[in-house]
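What follows is a short report on a single structure.
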Amino acid sequence: MTNSLFQPWLVPALPLAGMAINGLFGKRFSEKLVAAIALIATGCSFLVACLQALLLVNSGSPMLEQHYGTWIQAGKFTVDFGIYLDHLSLIMMLVVTGVGFLIHIYAAAYMHHEGGYYRFFSYLNLFMFFMLVLVLANNYLLMFVGWEGVGLASYLLIGFYFLKDSAANAGKKAFITNRVGDFGFLIALFMMIQTFGSVHYGSLYFNPGLVNALPLEHSTGILTMIGLLMLVGACGKSAQIPLFVWLPDAMEGPTPVSALIHAATMVTAGVYMVARSNPIFSRAPIALLAVAVIGTLTSFFAATIGMTQMDIKRVLAYSTVSQLGYMFMAAGVAAYSAGVFHLMTHAFFKALLFLAAGSVIHGIGGEQDMRKMGGLRKYMPWTFYTMATATVAIAGIPPLAGFWSKDEILWQAWSSPYGSKIFWAVGVITAFMTSFYMFRLLFMTFFGEYRGEAAVAHAGHDAHGGHGHTPHESPWMMLGPLVVLAALSIFGGFVGAGHRFEHFLDPVIQKVEAHRSALEVEAAAAPMTEEPAAEKSTELALMATSVIVALAGLGLAWFLYIKRPELPARIAAALGGLYTLVYNKYWIDELYKAVLISPLLWISTHVLWQSVDQKIIDGSVNDLAVTARDVSGVVRQQQSGLIRSYAGWIAAGAALVVAYMVWMGTR
Numbered sequence: 177m178t179n180s181l182f183q184p185w186l187v188p189a190l191p192l193a194g195m196a197i198n199g200l201f202g203k204r205f206s207e208k209l210v211a212a213i214a215l216i217a218t219g220c221s222f223l224v225a226c227l228q229a230l231l232l233v234n235s236g237s238p239m240l241e242q243h244y245g246t247w248i249q250a251g252k253f254t255v256d257f258g259i260y261l262d263h264l265s266l267i268m269m270l271v272v273t274g275v276g277f278l279i280h281i282y283a284a285a286y287m288h289h290e291g292g293y294y295r296f297f298s299y300l301n302l303f304m305f306f307m308l309v310l311v312l313a314n315n316y317l318l319m320f321v322g323w324e325g326v327g328l329a330s331y332l333l334i335g336f337y338f339l340k341d342s343a344a345n346a347g348k349k350a351f352i353t354n355r356v357g358d359f360g361f362l363i364a365l366f367m368m369i370q371t372f373g374s375v376h377y378g379s380l381y382f383n384p385g386l387v388n389a390l391p392l393e394h395s396t397g398i399l400t401m402i403g404l405l406m407l408v409g410a411c412g413k414s415a416q417i418p419l420f421v422w423l424p425d426a427m428e429g430p431t432p433v434s435a436l437i438h439a440a441t442m443v444t445a446g447v448y449m450v451a452r453s454n455p456i457f458s459r460a461p462i463a464l465l466a467v468a469v470i471g472t473l474t475s476f477f478a479a480t481i482g483m484t485q486m487d488i489k490r491v492l493a494y495s496t497v498s499q500l501g502y503m504f505m506a507a508g509v510a511a512y513s514a515g516v517f518h519l520m521t522h523a524f525f526k527a528l529l530f531l532a533a534g535s536v537i538h539g540i541g542g543e544q545d546m547r548k549m550g551g552l553r554k555y556m557p558w559t560f561y562t563m564a565t566a567t568v569a570i571a572g573i574p575p576l577a578g579f580w581s582k583d584e585i586l587w588q589a590w591s592s593p594y595g596s597k598i599f600w601a602v603g604v605i606t607a608f609m610t611s612f613y614m615f616r617l618l619f620m621t622f623f624g625e626y627r628g629e630a631a632v633a634h635a636g637h638d639a640h641g642g643h644g645h646t647p648h649e650s651p652w653m654m655l656g657p658l659v660v661l662a663a664l665s666i667f668g669g670f671v672g673a674g675h676r677f678e679h680f681l682d683p684v685i686q687k688v689e690a691h692r693s694a695l696e697v698e699a700a701a702a703p704m705t706e707e708p709a710a711e712k713s714t715e716l717a718l719m720a721t722s723v724i725v726a727l728a729g730l731g732l733a734w735f736l737y738i739k740r741p742e743l744p745a746r747i748a749a750a751l752g753g754l755y756t757l758v759y760n761k762y763w764i765d766e767l768y769k770a771v772l773i774s775p776l777l778w779i780s781t782h783v784l785w786q787s788v789d790q791k792i793i794d795g796s797v798n799d800l801a802v803t804a805r806d807v808s809g810v811v812r813q814q815q816s817g818l819i820r821s822y823a824g825w826i827a828a829g830a831a832l833v834v835a836y837m838v839w840m841g842t843r
């Protein structure tokens, strides 16, 4: 690319520069200067990203690539530093920089007077850098650098309140759980290198690409294994069953962290990786089915837990897990564009939900229990209206953004040759539960009478007290990003109307269709027996069903928490053990502790440490030292310094020599 304006390296480099300046010198800066550096770095990164996006769109090329030198060279295998900007990475780049910039603005006010202010923004900029490396890399190995980097930044940000045990433990839990998934991703990379000798996107996928050129009879096994191992990595990063347990605990971090990392960007990395690898998954139907099954189960499972939680941030955390499951379900039925579309709209309304929740927490002195809220819409109207907008969006009620992307996923789950009516049915039930628990959150927080006591700051965890006993609205530096995200939640979905979003991603996704086998083409064409008019009527009927289900969830939440607020407690008591099971998150954490963590701790303590380390390794070293000490203690007696002792030793030695000579002479 010869265009001098095409400088995509500036997009990740600017947040890296902000991290370096604040990290090295921020301790001596004022809060305003620290915030200004972080905001300028991310704001300029967003502007440069917009310019690069325009260059790509106007170039007429499916992608623009820039190489910056060789990183690894071993025989014929080479990996370089490079940036790969196509329509998929363009969407991710704009989401990361745009939403990230808004969250930085919000955080500048939200974290005011917090200890470690400069450290927080340094970590936040570091996360932005690694996330942009992940989405702009031109090969899987460089993607893995960003993949691991966001894991590190996530650990630092979740455990930001490191003096609080729960926050420190949550950071470790996130880090270790992600390492399990990363192991699968690494093995997939090794298999790619062994099979194809390359990890570069262009070499693997295009013209015609090493993956597509592989004969189908030879590709089934190897591509299935690569796809399944990639899925393991995606499950860890995107919090899918069975590696979802880290994300709810990650709410121990400050609310801007929850909004940026665990709603809008990092947790979508797994979805991006699956979409990027669509040629592999579409040629490995078993791996594709596994993606769909895991996504469907996760969306339903997490939604049931979200219906019972009382902590406002944990409700949103399980909502995030559930919505990520929706994205995986879309990818699993080969509707990659629909999954990425929902990724984008979800970034808008879920970031808004988390930031609005932070505004509520800020306004009532750090409280997060919804049972101690209520009636807040008269105290913080801007927070209420923006959060209500996001709630309507995530519920899938038209014409807001969530409706367009969620409806597209449900339609593809029904109609795709890789889909299933079961996936659709579970998706519809999940949509009902999503609408219910989100409007439950809205009604418990903003309607009725205020149930909280005097606002008391909870030091060390999102504590923003000191404003008196009355709940209050947040400053405009926090409300401004809410208004922008609310506008995106309203209008952001229209970009997908008329399948425009799907067509936009054709240069990335369409390559799969161009190189499918004749068998796959025949299988894909077989189900298309409906006439276009009948198919359109079916799509409209399914759309109406999803809207009715969303409105039913709203109505049930209104009846239980506005009309008859005494009923939820009675229903919970009537359900008894079932409610307890769901409220305690199916005891999954306790199960993991009993089956995995406790045995590993016992083995590491009693076998590896006390037996192997102390008794065998340390014991052998210590025993050798004791033996050497004892022998030297005897030998050193010969060097006593007494002449009579030396004469005695000489006489004894001479006697031994004479005796030996006599014995030899008599043989």
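Each position in the sequence shown, counted from 1, maps to that position plus 176 in the working numbering. Where a beta carbon is used, it is the ideal one built from N, C-alpha and C, also for glycine.
- DSSP places Leu333 within a helical segment (H, G or I) once states are collapsed to three.
- Residue pairing by DSSP places His243 opposite Gly258 in a beta bridge.
- In this structure, the beta-carbon distance from Val450 to Ala514 does not fall below 8 angstroms.
- Burial check for Trp422: the Cβ neighbour count within 10 Å reaches 16 or more, so the residue is buried.
- In the structure shown, Ile248 falls within a strand segment according to DSSP collapsed to helix, strand and coil.
- Pairing Thr472 with Gly446 gives a Cβ-Cβ distance that is not under 8 angstroms.
- Beta-bridge partners assigned by DSSP to Asn315: His376.
- As the crow flies, the alpha-carbon of His522 is around 33 angstroms from that of Gly202.
- Non-local C-beta neighbours of Leu317 in its own chain, meaning closer than 7 angstroms and more than five positions away in sequence, comprise Val255, Leu365, Val375, ordered along the chain.
- DSSP lists no bridge partner for Asp806.
- In the structure shown, Phe253 falls within a strand segment according to DSSP collapsed to helix, strand and coil.
- For Asp262, the CB contacts under 7 angstroms within the same chain, skipping 5 residues up- and downstream, are Pro238, Met239, Pro683, Val684 in chain order.
- In this structure, the CA atom of Lys526 is about 8 angstroms from the CA atom of Ile570.
- For Thr484, there is no enclosing alpha helix (DSSP H), since its DSSP letter is neither H nor E.
- Note that the C-beta distance between Arg490 and Leu399 is not below 8 angstroms.
- With distances taken between CA atoms, Lys761 lies nearest to Asp425 out of Leu777, Leu390, Leu772, Asp425.
- A residue is called buried when at least 16 other Cβ atoms come within 10 angstroms of its Cβ; Pro184 meets this threshold and is buried.
- Ala720 counts as exposed, since fewer than 16 other beta carbons sit within 10 angstroms of its beta carbon.
- Within the same chain, and ignoring the five residues on either side of Gly322 in sequence, the residues whose Cβ sits closer than 7 angstroms to its Cβ are Phe306, Met307, Val309, Leu310, Ala313.
- Ser808 counts as exposed, since fewer than 16 other C-beta atoms from the protein chains shown sit within 10 angstroms of its C-beta.
- By the beta-carbon neighbour count (other beta carbons within 10 angstroms, threshold 16), Phe579 is buried.
- Nearest C-alpha to Met319 among Leu300, Tyr377, Met367: Tyr377.
- Residue pairing from DSSP places Asp545 in a beta bridge opposite Asp487.
- Its Cα nearest to that of Met269, the residue Met442 stands out among Leu464, Met442, Ser475, Ala728.
- Around Ile573, the same chain offers Phe579, Ser611, Val723, Ala726, Leu727, Leu730 as residues with beta carbons nearer than 8 angstroms, after the five sequence neighbours per side are excluded.
- When the beta-carbon positions are compared, Gly199 and Ala217 stay at least 8 angstroms from each other.
- Classified as buried, Pro188 has 16 or more neighbouring CB atoms from the shown chains inside 10 Å of its CB.
- By alpha-carbon distance to Gly541, the top candidate from Arg355, Tyr293, Gly628 is Gly628.
- Ranked by Cα distance from Gly357, the first of Leu404, Ile369, Met556, Leu223 is Leu404.
- For the 8 angstroms CB-CB criterion, Leu658 and Thr562 form a contact.
- In this structure, the beta-carbon distance from Leu552 to Thr621 falls below 8 angstroms.
- Distance from the CA atom of Phe382 to the CA atom of Gly795, rounded to whole angstroms, is 59 angstroms.
- Each residue's CA atom was taken as its position, placing Ala284 and Gly534 some 13 angstroms apart.
- Here the alpha carbons of Ser475 and Val604 stand approximately 11 angstroms from one another.
- Going by beta carbons, Ile334 and Gly347 fall inside the 8 angstroms limit.
- Looking at Phe608, Ala709, Gly219, Phe303, the one whose alpha-carbon comes closest to that of Ala196 is Phe303.
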